[in-house]
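Step one of this worksheet: look at the structure below.
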Amino acid sequence: TFVGVLQEAGSVEWVGNGVARLGMPLLVALLLCYVGGIVSAFASSTAILGATIPLAVPLLLAGEVSPIGVVVALAISSTIVDVCPLSTNDALVLANVQGEDRDRFYKQILKYSGLVVAIGPLLAWAALVLPGWL
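Convert by adding 3 to the 1-based position in the sequence shown; the result is the number in the numbering used here.
Written out as structure tokens, the structure is:
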């Protein structure tokens, strides 16, 4: 799978180590949400969760951010982007669009998924990690 290739190449660990070196827990949590969201637009959300949550463990062990908030924000960030036409679910939806509407539908859903990838992780982080109430 795509995530397996990323893990085998060391990309996931490289990104995780780079993000962890920043030293600002809130920023690290936000970046992990974006990493999960962007990669999940092209790969399995479940596999991405299996890769990003272990990356967050050092951050969570430090105790400066809410573990529940970070894990839930990662889960939302990784699954909200499943509207991307490059993912399996939306590829199936796109395949069932009839006639000339397919190109228009593809462009619309691509724009929408771009917005979700750009805004979704930020909103999940702002609602669940930033306040620190979880």
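Heads up, the beta-carbon is just placed ideally off N, CA and C, and yes, glycines get one too.
According to DSSP, is residue i part of a helix, a strand, or is it coil?
| i | result |
| --- | --- |
| P61 | helix |
| G117 | helix |
| E16 | helix |
| A46 | coil |
| Q111 | helix |
| Q101 | coil |
| V68 | coil |
Identify the continuous alpha helix (DSSP H) that holds residue i and give its terminal residues.
| i | result |
| --- | --- |
| R24 | Looking at the DSSP string, R24 is not in any alpha helix (DSSP H), and its letter there is neither H nor E. |
| D85 | No alpha helix (DSSP H) contains D85, which DSSP labels as neither H nor E. |
| L29 | 28-43 |
| L137 | Looking at the DSSP string, L137 is not in any alpha helix (DSSP H), and its letter there is neither H nor E. |
| N92 | 91-98 |
Are there any heavy atoms of the ligand ZN lying less than 7 Å away from the beta-carbon of residue i, as far as the coordinates show?
| i | result |
| --- | --- |
| S80 | Ligands in the displayed structure: none, and consequently the ligand ZN is not present. |
Take the Cβ of residue i as the centre, count every other Cβ of all protein chains shown within 10 Å, and call the residue buried at 16 or more, exposed below.
| i | result |
| --- | --- |
| L89 | exposed |
| V84 | buried |
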